[in-house]
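Inspection log for the structure reproduced underneath, given as structure tokens.
2 protein chains.
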Amino acid sequence: MLNYDYQNPTRLVFGRGTQKQVGALVRGYADRVLLVYGGGSIKKSGLYGEVTASLRAAGVSFTELPGVVPNPRVTLAREGARLCREQSIPFVLAVGGGSAIDTAKAVAAGALYDGDLWDFCMGKKIERALPVGTVLTIPATGSESSPKAVLTNEELRIKKSMGSDLLRPAFSILNPELCETLPPEQIGYSAFDMMSHIMERYFTNTPHTEVIDGLSESLLRTIMKQALILRGDSKNYDAWCELVEAGNLAHNGLLGLGREQDWACHGMEHELSALYDIPHGAGLAAVTPAWMRYAAPKHLPLFGQFAVEVMGVRGSLRDPERLAEAGISALEDFSRRMGLPVRLHELGIGGGDFALMAEKSVQKGGGTLGHLEELSARDVENIYGLAL
Amino acid sequence: MLNYDYQNPTRLVFGRGTQKQVGALVRGYADRVLLVYGGGSIKKSGLYGEVTASLRAAGVSFTELPGVVPNPRVTLAREGARLCREQSIPFVLAVGGGSAIDTAKAVAAGALYDGDLWDFCMGKKIERALPVGTVLTIPATGSESSPKAVLTNEELRIKKSMGSDLLRPAFSILNPELCETLPPEQIGYSAFDMMSHIMERYFTNTPHTEVIDGLSESLLRTIMKQALILRGDSKNYDAWCELVEAGNLAHNGLLGLGREQDWACHGMEHELSALYDIPHGAGLAAVTPAWMRYAAPKHLPLFGQFAVEVMGVRGSLRDPERLAEAGISALEDFSRRMGLPVRLHELGIGGGDFALMAEKSVQKGGGTLGHLEELSARDVENIYGLAL
């Protein structure tokens, strides 16, 4: 186990009806907020009305920043930062999924920065940020208590993240009822995104990490079980409770403690969704099996443990190659049952841009991507090819 | 799953050599501390020298409060609170195990309170507290990030807890190397105490708690495995890493989210150690199997799941009574392998005080103890009898 230094002060307010507390929670910080959200879905569901009523009742005024889209754009975050500066708004409240929250975080950092907030995606350190609160409507990205925000620069067609413990939300309201209106395909995207957050940490070269290994395996099993329940019954409150809680634990930092992490699949997916604007969870589901088949031969015990402890493979233990492959196949079976793609062609993606995307994917790491195996651009290109 | 509101802002600084950061960490809060510790062990080990050198190097002066004993006394905490008030000390630093940390927490609350800090154990709400930091030497109580402190009132011969989120430490330094000099019996006490923190939450009437159930089962398995490694090799750093991390997770609040909790075994044990001054972990190991045998017949599926998922019992699934008993027996087998008592007579305790202790144990709950089953004083007396 590696040394670590960890703090996650985000307050989690979980359960039925908790969105009605938002005004009181904000009031502990500010009497004026920037309200960040997407399109019409929170208006149609009535959530917008509940949130704004709660803010008004608590004496909190708000300026609105609607229009967040999936793979959220840096231009909208810049607009939000400008509004906060011009109107001296001291708090940013996101109502939505990871895209709204990531936009809010970028606004929070940009509002107290004289330059362009995209600098933070290019490595500039975040020194200050406004406090952020969230009302979560889609469990998936874990952004509701993570220190990260992922933005797409639509001019440059690249997707990059900024990060700082200053970006961990002050509070997050997690009401699983709000997920009951999600479209069916979103359940699969959500489940695979949170599973990927766990797997990016689970596949490690660090020895002696049994506490976290065990928690990770348990959480992956629970996510798959509950996601399949929701696939058949998308209004199942109890199953949403499990998925909302799991999505937070998957990415709040706990499961990365004391270990080298990988993040190659996220790196490869970010290139895909930057270029093709596909759902993040779908892109992850399509590239992960290919990455696994590329990495497994050099890490057979690790992928064997994944097969047995996560995917529940029985038998085959005397043949490590077959065991590893059985685990990967079982993950693909889960994806198919969830209606997720397991290959890129199912997303309408061909091979034309693989070399270029592979080059871009290794730039941040100084020529390699990932840590379980340090992948060269050529390796990444091969994995995209395997995923076709 | 029940609604919840959870925040744990304690910063965890984990790993080899981290005690050397203590001065710098304290300096973020104060330039003067009350240093709370026990007897000579931290002087013999050299830890006292390292901590005080780090404080001095950071320009932090300190007043000492030595003399903490297991089952820490309210009188020493009162003395510490008096020192903080008289010398205007703004920060309390504990170096030791749960007893030193609990003393430090009580000092922190008492220093800003005009009355007697024992009031907080009698239900008085804690409104303010000094910040606390810890350097942990014994993983067991989870006090390094919990909101609770347990104190013994030696005049009244009772043991009670105070609690407030204000008592969660600001930071805790967790260096598993510091555990390598613990005496062998302490390993068993530590392991059983952390297991009990999990089991008190695991055995619940709340349905639909699968995420936390799974994490709890995994953590219990890991603790038993790693504790047995340490029983044979008490200087195994890797195993101590797992146990230190597990001990924190067992009691940081995560595993109690969204569920009714029990706490009958802790309640019964507190009466035992208040009267007989036995190690808390030993008392827990002796009463838990009796509580389980008392509760299991009404909760066979729950105890069946414990048997299979925690204790690894195979077979017997078609006979729920036998399955539950097999799980309880397996827990006793674990305790015996760790050198722990599984009955009260092994601790030299006879039956003379059972009726009195049973009466005291149900007072706080208004006549009952625990929640899986709400035990009357008569029930508690019967369980003590079963544990004889």
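One line per chain: the protein sequences are A and B, in this order. When you read off a place in the first sequence, starting at 1, and then add 298, the result is the number in this note's numbering. When you read off a place in the second sequence, starting at 1, and then add 298, the result is the number in this note's numbering. We put the CB at the ideal spot given by N, CA and C, even for glycine. Keep in mind the model is a prediction, meaning the values are calculated, not measured.
When DSSP builds the beta bridges, which residues end up paired with residue i?
i: B:K458; result: B:L449
i: B:N306; result: A:N306
i: B:A392; result: B:V334 and B:T432
i: A:I471; result: A:V311 and A:V433
i: B:L667; result: B:L673
i: A:R371; result: A:T450
Since residue i is in the beta strand (DSSP E), which residue starts that stretch and which ends it?
i: B:E362; result: S359 to L363
Could you give the C-beta distance for residue i and residue j, rounded to a whole number, given that I count them as a contact under 8 Å?
i: B:S397; j: B:V366; result: 5 Å
i: B:G347; j: B:L363; result: Not really, about 18 Å apart at Cβ, beyond 8 Å.
i: B:L517; j: A:V349; result: About 36 Å separates the two Cβ atoms, so there is no contact after all.
i: A:S443; j: A:S470; result: 6 Å
i: B:C419; j: B:L449; result: 6 Å
i: B:G321; j: B:A355; result: 5 Å
i: B:H549; j: B:E567; result: Actually they are not in contact, since the Cβ atoms of B:H549 and B:E567 sit about 15 Å apart, beyond 8 Å.
i: B:V331; j: B:I387; result: 7 Å
i: A:C477; j: A:I436; result: 7 Å
If you draw a straight line from the alpha carbon of residue i to that of residue j, how long is it in whole angstroms?
i: B:E452; j: B:V372; result: 7 Å
i: B:P618; j: B:V606; result: 11 Å
i: B:K458; j: B:M299; result: 29 Å
i: A:F712; j: B:R383; result: This structure cannot settle anything about residue 712 of chain A, because the visible part of chain A is limited to 299 through 686.
i: B:I340; j: B:G581; result: 25 Å
i: A:E558; j: A:D677; result: 20 Å
i: A:Y411; j: A:L333; result: 20 Å
i: A:T316; j: A:A351; result: 13 Å
i: A:G625; j: A:D631; result: 10 Å
i: A:A392; j: A:L310; result: 14 Å
i: A:R426; j: A:K446; result: 14 Å
i: B:E483; j: B:M636; result: 8 Å
i: A:A438; j: B:L526; result: 38 Å
i: A:L547; j: A:L553; result: 8 Å
i: B:Y304; j: B:E569; result: 29 Å
i: B:R380; j: B:V390; result: 13 Å
i: A:E515; j: A:I576; result: 28 Å
i: A:P599; j: A:G613; result: 15 Å
i: B:F604; j: B:A628; result: 10 Å
i: B:G440; j: B:L415; result: 22 Å
i: B:G512; j: A:L513; result: 8 Å
i: A:P505; j: A:G649; result: 37 Å
i: B:A562; j: B:A583; result: 13 Å
i: B:V542; j: A:R455; result: 45 Å
i: B:P467; j: A:V324; result: 25 Å
Using the rule of at least 16 other Cβ atoms within 10 Å of the residue's Cβ for burial, across every protein chain shown, is residue i buried or exposed?
i: B:H669; result: buried
i: B:G326; result: exposed
i: B:L345; result: buried
i: A:G545; result: buried
i: A:E644; result: exposed
i: B:G313; result: buried
i: A:K533; result: exposed
i: A:P595; result: exposed
i: B:R616; result: exposed
i: A:N473; result: buried
i: B:Q385; result: exposed
i: B:P429; result: buried
i: B:K423; result: exposed
i: B:K342; result: exposed
i: A:Q524; result: buried
Kindly indicate the opening and closing residues of the alpha helix (DSSP H) around residue i.
i: A:F490; result: P482 to Y500
i: B:I340; result: S339 to K342
i: A:S444; result: From DSSP, A:S444 is part of no alpha helix (DSSP H); its letter is neither H nor E.
i: A:I681; result: A675 to A685
i: B:S520; result: First, the residue type needs correcting, since residue 520 of chain B is Thr and not Ser in the sequence shown. Where B:T520 is concerned, the enclosing alpha helix (DSSP H) stretches over E508 to G530.
i: B:K423; result: Where B:K423 is concerned, there is no enclosing alpha helix (DSSP H), given that its DSSP letter is neither H nor E.
i: B:E569; result: A562 to Y574
i: A:E543; result: Y535 to H549
i: B:I647; result: No alpha helix (DSSP H) holds B:I647; DSSP gives it neither H nor E.
i: A:W589; result: H578 to A593
i: B:T350; result: L345 to A355
i: A:I626; result: P618 to R635
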